[in-house]
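Engineer: The numbering used here numbers the first residue of the sequence shown as 249 and each following residue consecutively. Sharing a structure, written as structure tokens. Questions coming.
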Amino acid sequence: MLENMKNMLEKADNGKYAIPHFNINNLEWTRFILEECENLKTPVIIGVSEGAGRYMGGFKTVADMVKDLINYLNITVPVALHLDHGSSYESCVDAINSGFTSVMIDASKYSIEENVRITKQVVDYAHARNVTVEAEVGAVGGEEDGVADELAYAKVEDAVKLVQETGIDFLAPALGSVHGIYKGEPKLDFERMVKIHELVKLPLVLHGGSGIPDELIKKAISCGICKININTELQIAWSKGVRKFLNEDSKVYDPRKIIKSGESTMKEMIKEKVMLFGSDNKHI
Ligand code: 13P
249 MLENMKNMLE KADNGKYAIP HFNINNLEWT RFILEECENL KTPVIIGVSE GAGRYMGGFK
309 TVADMVKDLI NYLNITVPVA LHLDHGSSYE SCVDAINSGF TSVMIDASKY SIEENVRITK
369 QVVDYAHARN VTVEAEVGAV GGEEDGVADE LAYAKVEDAV KLVQETGIDF LAPALGSVHG
429 IYKGEPKLDF ERMVKIHELV KLPLVLHGGS GIPDELIKKA ISCGICKINI NTELQIAWSK
489 GVRKFLNEDS KVYDPRKIIK SGESTMKEMI KEKVMLFGSD NKHI
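Right, dumping it as structure tokens:
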């Protein structure tokens, strides 16, 4: 069932577990994620970046595909279709009008005042249409940054301001995680995480979930993280299966066989994350 993220994340916040956000790149990935999450009885968030949206033929194509697959596969667990790192008001409006149930507006690269202004605009448009909104404060680094530097950490007062002045549903405070593979041990600021969670009283989101050691993930969940974004580790798992298949069979050329050869390694990774996050059997 396609729904926004409110119910699933509030339940996760109360129950001290986290809902997985998995990024998609194509129809097959969507299918693998939906099938495995149905199997594990976990709610799931399908994340779509702007780049992935363009790659798949625009947000409307993506939304129609996700809806049709949910029907075709008889998926009964709650599914949210979420714009990941929406870079502008216009991009969020496009996703909402295309049928997304949730959007992230990422105006974190601007001053906090500008971040508040853009985020509030998105909240007003989204809430009138029953769409939930996630926003970011601080800066989640990229692969090139390796470990996040001190400046990237969200300031507590900025987090409170963004929540109070916009009415967002979920907050993604940058607290030391980075997108992609970590070059060193991530230095998550748990103290600040607890403080922000206590003050803003909203489910928190952890970006850059790939490559964070299990113990740190569990600690983050105990500190208020209710949604964890995974992209890179799914890509690595899928590629591993495909690479092995192609190495073992140099004559295969059927694209369906090639793309499907990453299914089992990808589903194993999905299961590993769901079990770690504790969201299995939360929808029976
Ligand atoms: P990773 O690529 O590190 O898993 O991060 C994904 C993410 O945060 C998407 O928003």
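Glycine residues also receive a C-beta, built at the ideal position from the N, C-alpha and C atoms.
Using the C-alpha atoms, what's the distance from TRP486 back to ARG536?
Structural biologist: Here the chain covers residues 249 to 532 and nothing more, so residue 536 does not appear.
Engineer: Across the region 477-492 and the region 254-271, are there enough close Cβ pairs to call them in contact, namely three or more that are closer than 8 Å?
Structural biologist: Flag = yes, the region 477-492 and the region 254-271 touch.
Engineer: Is ILE272 near ligand 1 - that is, is its Cβ less than 8 Å away from at least one heavy atom of it?
Structural biologist: no
Engineer: Check for me: the alpha helix (DSSP H) holding GLU550 runs from which residue to which?
Structural biologist: With the chain covering 249 to 532 only, the question about residue 550 has no answer from this structure.
Engineer: How big is the Cα-Cα spacing for ALA311 and SER346?
Structural biologist: The alpha-carbon of ALA311 is positioned some 6 Å away from that of SER346.
Engineer: Whole-angstrom Cβ separation of ASP462 and LEU524, contact assumed at under 8 Å?
Structural biologist: About 6 Å separates the Cβ atoms of ASP462 and LEU524, confirming a contact at the 8 Å cut-off.
Engineer: Helix, strand or coil: which one does DSSP assign to PRO434?
Structural biologist: In the structure shown, PRO434 sits in coil (DSSP, three-state: anything other than H, G, I, E or B).
Engineer: Mapping the DSSP letters down to three states, classify VAL453 as helix, strand or coil.
Structural biologist: strand
Engineer: Which residues in the same chain have their Cβ closer than 6 Å to the Cβ of LYS519, if we skip the five residues on either side of it in sequence?
Structural biologist: Short of 6 Å from the beta carbon of LYS519, and not among the five residues preceding or following it, lies no beta carbon of its own chain.
Engineer: Tell me, please, whether the CB atom of HIS531 is closer than 9 Å to any CB atom in chain D?
Structural biologist: Absence of chain D from the displayed structure is noted, only one protein chain being present.
Engineer: Does the region 350-360 touch the region 310-326, meaning 3 or more C-beta pairs lie closer than 8 Å?
Structural biologist: Judged by Cβ distances under 8 Å, the region 310-326 makes no contact with the region 350-360, as fewer than three pairs qualify.
Engineer: At 3 residues or longer, what runs of the beta strand (DSSP E) sit wholly inside the region 291-351?
Structural biologist: 292-297 and 327-334
Engineer: Taking 9 Å as the cut-off, decide whether the C-beta atoms of GLY456 and TYR265 are in contact.
Structural biologist: no
Engineer: State yes or no: is the C-beta of SER458 nearer than 8 Å to some heavy atom of ligand 1?
Structural biologist: yes
Engineer: Distance, Cα to Cα, LYS315 vs ILE460?
Structural biologist: 31 Å
Engineer: CYS474 by DSSP, collapsed to three states: which one?
Structural biologist: strand
Engineer: To which residues of the same chain is ILE366 closer than 8 Å at the C-beta, ignoring the five residues directly before and after it?
Structural biologist: Here the set comprises SER336, TYR337, ILE353, ALA355 and TYR358.
Engineer: With a CB to CB cut of under 7 Å and the five nearest residues on each side skipped, what residues in its chain are close to VAL411?
Structural biologist: Correct list, in chain order: LEU419, VAL448 and LEU450.
Engineer: Can you tell me where the alpha helix (DSSP H) with ILE506 in it begins and where it stops?
Structural biologist: 503-508
Engineer: Applying the criterion that 16 or more other CB atoms from any shown protein chain within 10 Å of the CB defines a buried residue, is LYS530 buried or exposed?
Structural biologist: buried
Engineer: Near ARG377, what residues of its chain come up, given a Cβ to Cβ distance below 7 Å and the 5 sequence neighbours on each side ignored?
Structural biologist: ILE344.
Engineer: Among LYS492, VAL364 and LEU454, which residue has its Cα nearest to the Cα of ASP332?
Structural biologist: Looking at the Cα atoms, LEU454 is the closest of the given residues.
Engineer: For a quick check, are the C-beta atoms of GLN385 and ALA374 less than 9 Å apart?
Structural biologist: The amino acid occupying residue 385 in the given sequence is Val; Gln does not appear at that position. In this structure, ALA374 does not lie closer than 9 Å to VAL385 by Cβ.
Engineer: Mapping the DSSP letters down to three states, classify ASN529 as helix, strand or coil.
Structural biologist: Correct three-state label for ASN529: coil.
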